[in-house]
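Please read the structure below before turning to the comments.
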Amino acid sequence: MKKAFLLLALSILFSCKNESKFDLEKDLYQFSEKMENGDTLEVNVDHSACMFAAYERYNFVKENDTLHLETHSEISSFEKKQQTLPTIIYPFKPNNSLSFENYFKYLKNENRANRKYGSPLVTVYYPNKNQRQYFNDDGLDDKFKKLDKLLSIREKIYPNDKFFEFPEPPPPPPSRK
Numbered sequence: 000m001k002k003a004f005l006l007l008a009l010s011i012l013f014s015c016k017n018e019s020k021f022d023l024e025k026d027l028y029q030f031s032e033k034m035e036n037g038d039t040l041e042v043n044v045d046h047s048a049c050m051f052a053a054y055e056r057y058n059f060v061k062e063n064d065t066l067h068l069e070t071h072s073e074i075s076s077f078e079k080k081q082q083t084l085p086t087i088i089y090p091f092k093p094n095n096s097l098s099f100e101n102y103f104k105y106l107k108n109e110n111r112a113n114r115k116y117g118s119p120l121v122t123v124y125y126p127n128k129n130q131r132q133y134f135n136d137d138g139l140d141d142k143f144k145k146l147d148k149l150l151s152i153r154e155k156i157y158p159n160d161k162f163f164e165f166p167e168p169p170p171p172p173p174s175r176k
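Mapping the sequence shown onto numbering that gives the first Met the number 0, position 150 (from 1) lands on 149, and the numbers just tick up by one.
Shown next, in the form of structure tokens:
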């Protein structure tokens, strides 16, 4: 009888899933503090403009009370290339202006209505509850301003990564007189 009770108790314990309290809509701007163990947050960024096609995916995963970040980048025009950076511990500090949390606050304040053409600039996806948040731009000038802010954060997190840097064009040939 004791064994049966013990097996029943263990099966109940392991069959119960602890539902995360994280809610994308209300917790996005403090996600590093609000995410719980087992939560994943996927951030997709569309870097494409004109003839240039590129995107980036940032995956934040909370494990053992530590937030990990893995980044995948891809350029699919001209010179096709991709990279997946090694997983790092996300270096969040509450007063740091160069954080994804503050970037999302900025995007929220500067968000534009979704245009009929094109895709969102940034899509944040929380797969645990199938929740999405979209941030849009209002044309190339607005897009480049928003991407510049993101690139500042990216440079702080990955100071040695040069994936999106392109060589300077060669100088013009000397003029003939």
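Every residue, glycine too, gets a C-beta built ideally from N, C-alpha and C.
Cα-Cα separation, residue i to residue j
{"i": "Tyr20", "j": "Pro169", "result": "The residue you asked about is not Tyr; residue 20 is Lys in the sequence shown. Going from the Cα of Lys20 to the Cα of Pro169 covers about 54 Å."}
{"i": "Thr122", "j": "Asp38", "result": "17 Å"}
{"i": "Tyr105", "j": "Phe99", "result": "10 Å"}
{"i": "Phe59", "j": "Asn127", "result": "13 Å"}
{"i": "Asn110", "j": "Tyr28", "result": "14 Å"}
{"i": "Ser174", "j": "Ile74", "result": "35 Å"}
{"i": "His46", "j": "Lys144", "result": "12 Å"}
{"i": "Asp140", "j": "Asn108", "result": "16 Å"}
Three-state secondary structure assigned by DSSP to residue i
{"i": "Leu27", "result": "helix"}
{"i": "Glu18", "result": "coil"}
{"i": "Lys128", "result": "coil"}
{"i": "Lys79", "result": "coil"}
{"i": "Glu41", "result": "strand"}
{"i": "Lys33", "result": "helix"}
{"i": "Phe59", "result": "strand"}
{"i": "Lys2", "result": "Any reading at Lys2 must be qualified, since the residue scores a pLDDT of 47, below 50, and its modelled position is unreliable; the value itself is stated next. Helix at Lys2."}
{"i": "Phe134", "result": "strand"}
{"i": "Tyr89", "result": "coil"}
{"i": "Pro173", "result": "coil"}
Contact belief for residue i with residue j at Cβ below 8 Å, rounded distance in angstroms
{"i": "Tyr89", "j": "Leu68", "result": "4 Å"}
{"i": "Tyr102", "j": "Leu150", "result": "Not a contact, Cβ separation roughly 11 Å."}
{"i": "Leu97", "j": "Lys155", "result": "5 Å"}
{"i": "Lys142", "j": "Ala48", "result": "6 Å"}
{"i": "Leu84", "j": "Thr65", "result": "About 17 Å separates the two Cβ atoms, so there is no contact after all."}
{"i": "Glu24", "j": "Gln130", "result": "7 Å"}
From the options, residue whose alpha carbon lies closest to that of residue i
{"i": "Ser55", "options": "Asp64, Gln81, Leu66 and Tyr28", "result": "The residue asked about is misnamed: residue 55 is Glu in this sequence, not Ser. Of Asp64, Gln81, Leu66 and Tyr28, the residue nearest in Cα terms is Gln81."}
{"i": "Phe163", "options": "Lys25, Phe77 and Gly138", "result": "Phe77"}
{"i": "Phe30", "options": "Pro173, Phe91, Lys145 and Asp147", "result": "Phe91"}
{"i": "Gln132", "options": "Gly138, Asn43 and Glu18", "result": "Asn43"}
{"i": "Asn95", "options": "Ile152, Pro158, Leu23 and Asp147", "result": "Ile152"}
{"i": "Thr86", "options": "Lys61, Leu139 and Tyr125", "result": "Lys61"}
{"i": "Lys161", "options": "Met50, Asn63, Pro171 and Ser72", "result": "Ser72"}
{"i": "Tyr209", "options": "Glu167, Tyr57, Glu35 and Asn36", "result": "The chain is shown only over 0 to 176; residue 209 falls outside these bounds and no answer can be derived."}
The alpha helix (DSSP H) enclosing residue i, as first and last residue numbers
{"i": "Asp147", "result": "Leu139 to Ile156"}
{"i": "Tyr102", "result": "Phe99 to Glu109"}
Residue i: first and last residue of the uninterrupted beta strand (DSSP E) it sits in
{"i": "Tyr124", "result": "Val121 to Tyr125"}
{"i": "Ala48", "result": "Segment: none, Ala48 is in no beta strand (DSSP E) and carries neither H nor E."}
{"i": "Leu68", "result": "Thr65 to Ile74"}
beta-carbon residue i near the ligand MN non-hydrogen atom, thresh 7 Å
{"i": "Asn135", "result": "Absence of the ligand MN is noted for the structure shown, with no ligands found whatsoever."}
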